[in-house]
Each structure stands twice: as structure tokens, then as C-alpha cells.
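First up is the structure itself, then whatever we jot down about it.
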Amino acid sequence: MVVFDQEICSGIWKFSALATKWSQQFGIGIIDSNIVEIPHPYQYNVQLDNDSICYVGRSLFIKGTPIVDFNNKEITSGDQVSAIVDLTFQPPAFCLMINNKTQPFSVISVPDRNSKDEWKFQSLEELTGFDQSGIETKKQFKYV
Numbered sequence: 211m212v213v214f215d216q217e218i219c220s221g222i223w224k225f226s227a228l229a230t231k232w233s234q235q236f237g238i239g240i241i242d243s244n245i246v247e248i249p250h251p252y253q254y255n256v257q258l259d260n261d262s263i264c265y266v267g268r269s270l271f272i273k274g275t276p277i278v279d280f281n282n283k284e285i286t287s288g289d290q291v292s293a294i295v296d297l298t299f300q301p302p303a304f305c306l307m308i309n310n311k312t313q314p315f316s317v318i319s320v321p322d323r324n325s326k327d328e329w330k331f332q333s334l335e336e337l338t339g340f341d342q343s344g345i346e347t348k349k350q351f352k353y354v
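The sequence shown begins at 211 in our numbering and counts up by one.
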């Protein structure tokens, strides 16, 4: 597990990681900055305490609730995975790239605040823009 302790309140941010060792639980995501204990992404029965967005395998989890879409690419060893939080987009969005290809979904209305050798940390950078035009409206899932 990699945890990067950076509260994001504005702008566009990209967190990139390299999957170095295969695991059934490969995942990347974001959580509310006020959370002291990181919840398991599958904890849907405690949604009030699971303020996370996570992508595991090929499934998106919003507050622990899975959204399965077999058109999404599954994360595998050697993949470069980037989570993008765009707080300039209206409504604010979370998107994912695998090997520099934007996945066909986003999570919209993201709130503006809130070591097992599986990953090698690569970067966290603020971006000036990100193209979300390839994501269909029906693949934009609201963070509720």
C-alpha cells in the first residue's frame, strides 16, 4: 500500500504508480483527508464512514459500492496507473488512466476536501488541464 498524505483543495492533480507485483487486490484511489483509518474499498455496509473512491482490478468502488464494467482495463503487473482529480472541471471529477489511456468512466461531484512492494511510487503532480472528452455522460458516476 502506498499512502500519499496530500490534501487536495483546488486545481488538477495526477498521482501515478507502477504496478510491480501482481495481486488480486491491485487498486488505486482517493479518500477524504479527514479519515484517520483508511477503509477497505469493499466496505459498502458502512458507507457513511467510507468516503473513498477506488479502482480495484477492473471495478470502480464509490463509498464501498462496486460498479463493474468489463469494458474497463484490468490493472496488471507492469501497468502505469494514474489517478486524476480535476477540481476545475464542473462538476469536479476523478478519472483514471492505465498506461496513459483514459479509462471510459469518471466519478463526478467529488468533494473538494474531504509497504508490500505491489507499487513503486512514481509521481504526484499538479496539471494545468486534462481531456475528459472521451468519457461518455452515461459513464460519469455521481459521488453521493
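The beta-carbon is built from N, C-alpha and C at its ideal position, and this holds for glycine as well.
Chain-order list of residues whose beta-carbon lies under 7 Å from that of residue i (same chain, five-residue window excluded)
i, result
"W232", "T286 and S287"
"G239", "P251, S262, I263, C264, Y265 and A293"
"V354", "none"
"K352", "I318 and S319"
"G237", "P251, C264, Y265 and V266"
Three-state secondary structure assigned by DSSP to residue i
i, result
"K348", "helix"
"Q300", "coil"
"I222", "strand"
"G274", "coil"
"E328", "Only weak support exists for where E328 lies, its pLDDT of 48 falling under 50; the value from the coordinates is given anyway. Here E328 sits in coil by DSSP."
"Y265", "strand"
"E335", "strand"
"Q290", "strand"
"K231", "coil"
"P321", "coil"
"S316", "strand"
"I285", "coil"
"V354", "coil"
C-alpha distance - residue i paired with residue j, whole-angstrom precision
i, j, result
"D289", "Q350", "24 Å"
"N309", "I241", "23 Å"
"L228", "A293", "12 Å"
"P321", "K283", "26 Å"
"C219", "L297", "8 Å"
"V291", "L334", "12 Å"
"Q300", "Q234", "34 Å"
"I272", "P314", "16 Å"
Chain-order list of residues whose beta-carbon lies under 8 Å from that of residue i (same chain, five-residue window excluded)
i, result
"T312", "C305, L306, D341, Q342, G344 and I345"
"P302", "V295, D296, I318, S319, V320, P321 and D322"
"F280", "R268"
Residues of its chain near residue i, where Cβ-Cβ distance is below 6 Å and the 5 sequence neighbours each way are ignored
i, result
"L337", "I222 and K224"
"D327", "With a pLDDT of 45 at D327, under the threshold of 50, the predicted position of this residue should be treated as unreliable, and no value is reported."
"S269", "P276 and V278"
"G339", "none"
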